[in-house]
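In our numbering, the protein residues as written are 95 to 214.
Notes follow once the structure below has been shown.
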Amino acid sequence: MITDVRNTKSSSPSEEKYLRRLLWYLLGGTRGGPNRAEIIKTLQNRPCNANQLAETLRVDYKTIQHHVRILEENGLVSLANKGNYGAVLFLTTKMEDALPILDEIWSRIGTRKISAPVKE
């Protein structure tokens, strides 16, 4: 189930269905799903590096690294200057397009509060 969604186009109903299943698996079907959802919601508000995410979410740095690696392998986040210390994380276009799916999944699961988007 864990595969790369970077090359899929969101215009096809089958590809949207695939992305929905992938998000259900990564966010709702695994123990680390709440942390991954929190990371996505935080990056929705502003790009951050792994250390900033760890501080913001009050989660161990190694835990953040693990979840970021999973999200990156699945094409949901990308790193600017990958391999450099303090590399900044961004949501991919695919994940930005899938934010309504994330909200739908979380409204059904509702086991942990996700950070609300910051209004400026």
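Quick reminder that beta carbons are idealized off the backbone N, C-alpha and C, glycines included.
Beta-carbon proximity list for residue i, same chain, < 7 Å, skipping 5 on both sides
i           : result
residue 136 : 142, 147, 150, 151, 209
residue 154 : 148
C-alpha gap between residue i and residue j, whole angstroms
i           : j           : result
residue 199 : residue 118 : 7 Å
residue 202 : residue 132 : 16 Å
residue 186 : residue 128 : 19 Å
residue 156 : residue 182 : 16 Å
residue 106 : residue 190 : 16 Å
residue 145 : residue 173 : 13 Å
residue 122 : residue 167 : 17 Å
residue 197 : residue 134 : 11 Å
Option nearest residue i by Cα separation, candidates the options
i           : options            : result
residue 180 : 159, 107, 168, 188 : 159
residue 124 : 161, 140, 145, 171 : 161
Residues of its chain near residue i, where Cβ-Cβ distance is below 6 Å and the 5 sequence neighbours each way are ignored
i           : result
residue 195 : 114, 117
residue 102 : At residue 102, the pLDDT of 42 sits below 50, so the modelled position is not reliable and the matter cannot be decided from this model.
residue 112 : none
residue 214 : Confidence in residue 214 is poor, its pLDDT being 45 and thus under 50, which makes the residue's placement unreliable; the coordinate value appears in the next sentence. The answer is none, since no qualifying residue turns up.
Own chain partners of residue i with C-beta closer than 8 Å, once the 5 adjacent residues on each side are dropped
i           : result
residue 175 : 181, 182
residue 164 : 96, 120, 126, 130
Could I get the ranges of all uninterrupted alpha helix (DSSP H) runs contained in the region 113-192, with 4 residues as the minimum, in chain order?
-> 127-139, 144-151, 155-167, 187-191
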